[in-house]
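So the structure is just underneath, and the comments pick up after that.
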Amino acid sequence: MRKSGILLHISSLPSRYGIGRMGKAAYDFVDFLHMSETACWQILPLSPTSYGDSPYQSFSVYAGNPYFIDFVKLESQGLLTREDYTSMLWQRSPETIDYELLYRSNITVLRRAFARFREKPLRGFTGFKNTNKSWLKDYALFMALKAEHDGKPWYEWETPLAMREKKAIEEAETRLKDEIELYSFIQFIFARQWSELKAYANSKHVEIIGDMPIYVSYDSADVWCSPKLFALDKEKRPIEVAGCPPDCFAPKGQLWGNPLYNWDYHKKTGYAWWIARLRYAASLYDVIRIDHFRGFESYYTIPYGNEDAVKGKWRKGPNKALFTAAARELGEMHIIAEDLGFITPGVRKMLDAVGYPGMKVLQFGFDSDPENEHLPHNFKTPHCVAYTGTHDNETLQGWLEAADKKTVKYAKAYLRCKKSQIPDEMVAACWQSIAELAVAQMQDFLHADRSGRMNTPSTLGGNWMYRTETEDFTPELAKEIRKLNRTYGRAVREEPPVAEKAAPVPEPEEQPKRSRRPAAAKDAAPAVTAAETPAAPEETAAPAPKRRGRRKAADTPAEKPKRRYTRRKKTEATEES
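So the sequence shown is residues 144 to 720, counted in our numbering.
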């Protein structure tokens with residue numbers, strides 16, 4: 144079935160508390176997708192961010208990001224007062240995310256919630272800890288020790304703790320018992336809120352596409368606790384690290400710095416760690432997008448300590464063996480393979496063998512080569528996912544602003560439009576294509592300029608900061624996207640299967656208008672065992688701040704179809720979080 148999706152990370156949702164959260168704004172966005180008959184909501188990794196604020200550099204492959212926890216819901220559960228979180232400073236500008244402020248303020252509020260939780264616990268906490276004991280205890284201890292060491296990475300702790308000597312770990316578990324419980328509580332609350340949001344999305348005919356990074360951060364509970372999984376020396380230092388070789392976009396290559404896997408060890412265990420990771424990801428998402436999929440066929444290695452990626456070697460990965468083992472254990476999985484970058488015949492052979500759809504990115508197509516594989520007329524099979532751009536690309540408006548004359552000329556000829564119409568026509572071309580799934584960033588429907596870019600690879604700072612506001616998601620825009628979906632056969636029409644239990648939703652006075660289609664229900668993610676969450680109270684209205692990074696659609700000539708994804712005039716909006 145032909146489908147469409149919108150890429151917007153939770154961090155970019157409207158919020159007055161510094162970053163997008165799993166509260167009313169998230170439910171409103173689901174309703175926006177439902178109203179526009181869009182099938183998929185694609186997000187970036189849900190993991191806690193660490194170095195560089197990147198969701199691809201996380202403290203754990205299993206844990207959820209505490210920044211996304213909604214305080215209004217915690218207030219409705221009696222775990223917070225309004226003053227507990229409204230009195231904090233969350234942002235210096237409504238247009239970007241201030242991660243330094245979040246780092247200080249968020250944990251302060253969650254500690255207040257935990258103090259009340261200890262006085263009056265919520266149902267399901269013990270069950271959650273038992274269900275997730277394979278990773279939660281180690282992660283909670285890891286975070287408690289990081290807090291004790293002022294956030295320093297584990298490899299800078301005293302040697303007995305860094306090397307996980309038995310006596311040192313036992314003493315830490317006793318000394319930090321309350322802190323360990325705090326970080327377990329935070330994950331319990333995150334998992335509960337995410338489970339409810341996902342269930343609501345599924346009941347509204349919306350599937351969640353989640354992102355799974357191929358690598359893990361060196362400063363993570365995963366590396367600290369399971370060094371055998373990685374290519375480390377006896378002192379638990381990486382021998383080589385991950386990255387990409389130099390190309391026209393990055394003359395010195397990309398130095399990611401992640402430790403590489405000890406694939407011989409993984410093979411001996413039957414890829415048990417990977418299978419467990421995929422199983423967990425499948426409980427969080429409906430579809431899993433695996434980042435840097437080509438790294439399973441062969442991967443680029445850079446000596447640890449190098450300052451760039453110029454000197455490196457290619458080494459062979461597990462290829463299809465990992466996914467064959469996973470399919471035997473888990474059955475059919477819904478996976479999208481991010482097969483961008485330096486793609487060899489071997490990578491294509493692996494992709495054909497596992498059968499996962501790869502990706503096409505229209506922004507890569509306009510190099511004046513009519514044979515370019517990213518141009519829609521060259522798609523060889525519907526079994527692929529077409530993107531206007533990914534989180535690592537410019538917005539379409541930003542791409543157009545930076546494009547050279549030759550690129551613009553070819554795009555105008557290919558799309559048969561004026562320069563000002565190119566962004567909208569690229570979206571239409573993506574939707575027209577034979578790809579079974581077409582995806583665009585939310586920024587491209589809002590005509591965001593270059594300031595709306597989510598991430599610029601190989602740069603540190605200024606990334607992962609894009610934010611939307613409540614008034615961006617208008618009924619008029621939903622109608623335009625719905626028309627696009629219906630025109631090109633991507634509108635959601637089928638009813639989802641009815642599950643046993645409906646997802647909790649906000650109180651009626653807080654809900655957006657319901658669509659005419661009745662909502663079905665779906666169970667929560669299997670990792671969560673918790674009771675229903677009371678609805679959030681209504682907040683007072685606040686004027687929408689003046690914003691940058693939005694650009695109105697250009698007027699189109701009479702002979703062209705109108706594809707104007709414009710926003711309505713700014714109004715005062717009520718925002719929960």
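In this text, a Cβ means the ideal position worked out from N, Cα and C, and glycines have one as well.
Query	Result
DSSP-derived helix/strand/coil call for Ile212	coil
Pair within 8 Å by beta-carbon distance, Leu580 and Glu568	no
Helix, strand or coil at Lys295 [DSSP, three-state]	coil
Cβ pair count under 8 Å reaching 3, the stretch 377-395 against the stretch 342-353	no
Distance CB(Asp365)-CB(Ser203) smaller than 8 Å	yes
Close beta carbons around Lys656, own chain, < 6 Å, minus the five adjacent residues each side	Annotation note: pLDDT 38 at Lys656 (below 50); position unreliable, no value reported.
Burial state of Pro157 (16 or more Cβ within 10 Å)	buried
8 Å Cβ cutoff met for Phe588 and Leu620	yes
Pair within 8 Å by beta-carbon distance, Trp399 and Tyr358	yes
N- and C-terminal bounds of the beta strand (DSSP E) containing Cys573	Cys573 -> not in any beta strand (DSSP E); alpha helix (DSSP H) instead, spanning Ile565 to Gln575.
Element boundaries [alpha helix (DSSP H), containing Val252]	Tyr242 to Glu262
Uninterrupted alpha helix (DSSP H) stretches inside the stretch 161-209 (no shorter than 4 residues)	167-178
Under 8 Å between C-beta atoms of Lys379 and Met306	yes
Beta-ladder partner(s) of Arg432, from DSSP	Asp354 and Ile479
Straight-line gap, Asp547 to Val504 (C-alpha atoms, nearest Å)	18 Å
Neighbour-count burial assignment, Asn401, 16 or more Cβ in a 10 Å radius	buried
Alpha carbon of Lys561 to alpha carbon of Tyr530, nearest angstrom	21 Å
Any beta strand (DSSP E) of 3 or more consecutive residues that is wholly inside the stretch 418-476	430-433, 441-446 and 456-459
Rounded straight-line distance, which links the Cα of Lys310 to that of Asn345	47 Å
Pick from Arg593, Leu176, Gly489 and Tyr160 that is closest to Arg225, judged by C-alpha positions	Tyr160
Same chain, Cβ closer than 7 Å to Ile162, neighbours up to 5 away in sequence not counted	Ser154, Tyr210, Ile240 and Leu245
Residue span of the alpha helix (DSSP H) that contains Tyr326, given as start and end	Lys320 to Ser346
Range of the contiguous alpha helix (DSSP H) that encloses Ala581	It is not in any alpha helix (DSSP H) - Ala581 instead sits in the beta strand (DSSP E) that spans Leu580 to Gln584.
Length of the line joining the Cα atoms of Arg318 and Thr302	18 Å
Contacting residues, own chain, Cβ-Cβ under 7 Å from Ala276 (five flanking each side not counted)	Strictly speaking, residue 276 in this sequence is Lys, with Ala absent from that position. Cβ within range, chain order: n/a, list empty.
Counterpart residues of Pro402 in DSSP-defined beta bridges	Val384
DSSP bridge partner residues for Ile149 (one or two, in chain order)	Trp184 and Ala583
Other residues of its chain near Glu472: CB distance less than 7 Å, five sequence neighbours each side excluded	Ile418
DSSP-derived helix/strand/coil call for Gly413	coil
Where the alpha helix (DSSP H) containing Val366 begins and where it ends	Ala364 to Cys368
Proximity winner among Leu465, Asp495, Gly489 and Ala554, relative to His517 (alpha-carbon distances)	Ala554
contact_flag[the stretch 216-231, the stretch 407-427] where n(CB pairs < 8 Å) is 3 or more	no
DSSP-derived helix/strand/coil call for Lys561	coil
Short Cβ contact (8 Å threshold) for Arg633 with Arg145	yes
CA-to-CA distance, Phe509 to Asn515, given in whole angstroms	8 Å
Contact belief for Met476 with Ala468 at Cβ below 8 Å, rounded distance in angstroms	So it is not a contact: roughly 12 Å between Cβ atoms.
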